[in-house]
Amino acid sequence: MTEQLYILFCESPFQTNKVDEDFEDQFISAKENGFETLLFNFEDLTSADRFSIATKRIKQNEELVKVIYRGWMLTPNQYSILYNDLLTKNFKLINNAEEYQNCHYLPDSLKFIENRTPKTVFEKFENETSIDKLIEKSKAFGQKAVILKDYVKSEKHDWETACFVADASDTDKLKKSITKLVELRDKYLNEGIAVREFVELNDLTIHSKSGMPLTEEYRLFFCNKKLVGIYDYWEEGEYKLSKPDTTEFEKIAKQVESNFFSMDIARQKNGELIIIELGDGQVAGLPDKIDRNEFYKQLKICCC
Ligand SMILES: Nc1ncnc2c1ncn2[C@@H]1O[C@H](COP(=O)(O)OP(=O)(O)O)[C@@H](O)[C@H]1O
Ligand SMILES: [Mg+2]
C-alpha cells in the first residue's frame, strides 16, 4: 500500500460533491494536514434500497490505499457494506467490520477494558422478554445505583427517566426506565441494552439544558495503538486540574483490536480513573474544544 492517506467524509445532503456542513471544519483541517479527501452519500448507504450506490462518485483507485472514515455513526452492517464496497475500488478502511464492532458495541469492547470499567450486564433486545431477562441479570447489582444505555448510546439527557436508576433492586423503576430507553431510542436502538454499575464521578457542573451532572471526563483517541491526543470531554464546566497521566490507558490500548478508536475516561470521586466506554475512532465525535488542525496533524503522525 502507498503512504498517501485518505479521509472519507459524508456528502452534504443538500448539495452533491460538497462535504456535509457539520464536517466542513474537519474536511478543511484534513486537507491542510496533507490528507486526500473522499465523499460518499450517507443517506444512500443508510437507506433500504440505495445502499449499493452510496460510493458511486468514488472512482476506482489504481493501487490499494488506506482510508479513514470520519462521519456519522453506522451500524456494523452498514459499515460492512461500506468497507466491502470501498475495497472493490482499492480503498481499504482502517478498521474491518469486526474491528469496527469491537469498539462500537459495548459488549464487544468489554473484553479489552473489563478491569477498568464499571461492572456491566447486557441483553440483546428482541421483545418484552428481553427486558425481563435483563432485569434478572441486574440482580447482580443488588441495591446499587445503575445506569442504562443501548449497545452504543445512552439517553443521558433524559437522565432521571431513561438513564439513571438509584436502586437496581427496585424492579418497577428499572423496568420503567428500560422501557423508556427503548421507547426513546426507537428505531435507532442499537442491538440491545446494557445495565452498568453507577460510580460516583468527580463533579464539574450541571448541564445548562438537560440538568445532567457533568463530570471530569476526557476523550482519548488512539491510532495504530498510539495516543493521538487527550481532550476535555465537555464544552461546559471548568477543567481546573491538569490532564491525567495516560500511561496505563496507553497500555490497555495496546490490547484493543482496532486500528483507530476513542477511549472515554473519567475520574471517580476517590481520584481513581476509569474507562467509561470505547468508540470506533471514525465515528467518535470531536469534543467542541478540540483544535481541528491539531487533531488532524497528530492523526497524520500516528497513522503513518
Ligand atoms: N457507570 C457510570 N457511572 C457514573 N456515570 C456514568 C457511568 N457511565 C456513564 N456515566 C455518565 O453518563 C454519561 C453517558 O454515558 P455513556 O456511556 O458515555 O453514553 P453515551 O454513549 O450516550 O455517551 C457519561 O458521559 C458519564 O458522564
Ligand atoms: Mg459517551
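With the UniProt record's numbering applied, the sequence shown covers 1 to 304. Positions of the beta carbon are idealized from the N, C-alpha and C atoms, including for glycine.
| query | result |
| --- | --- |
| DSSP state of L74 mapped onto helix, strand, coil | coil |
| Per-residue burial, H104 [other beta carbons within 10 Å of its own, 16 or more giving buried] | buried |
| heavy atom of ligand 2 below 7 Å from E99 C-beta | no |
| Backbone secondary structure at D245 - three-state DSSP | coil |
| Exposure label - L64; buried when at least 16 CB within 10 Å | exposed |
| Beta-carbon contacts of N224 that lie in its chain and below 7 Å, excluding the five residues immediately before and after | N259, C302 and C303 |
| Inter-residue Cα distance where the pair is A253 and F222 | 7 Å |
| Cβ separation of L214 and E200, assumed to be a contact under 8 Å, to the nearest whole Å | Contact flag wrong, Cβ pair sits at about 14 Å. |
| At least 3 beta-carbon pairs within less than 8 Å: the region 121-136 vs the region 164-175 | yes |
| Residue of F51, T88 and F91 minimising C-alpha distance to T75 | F51 |
| Rounded separation between E62 and N90 - CA only | 7 Å |
| Backbone CA spacing between F295 and G142 [nearest angstrom] | 43 Å |
| Every unbroken beta strand (DSSP E) within the region 95-165, with a cutoff of 3 residues, ordered by chain | 120-124 and 146-150 |
| DSSP-derived helix/strand/coil call for A266 | strand |
| Touch test, the region 100-119 against the region 39-54, Cβ-Cβ under 8 Å, three pairs minimum | no |
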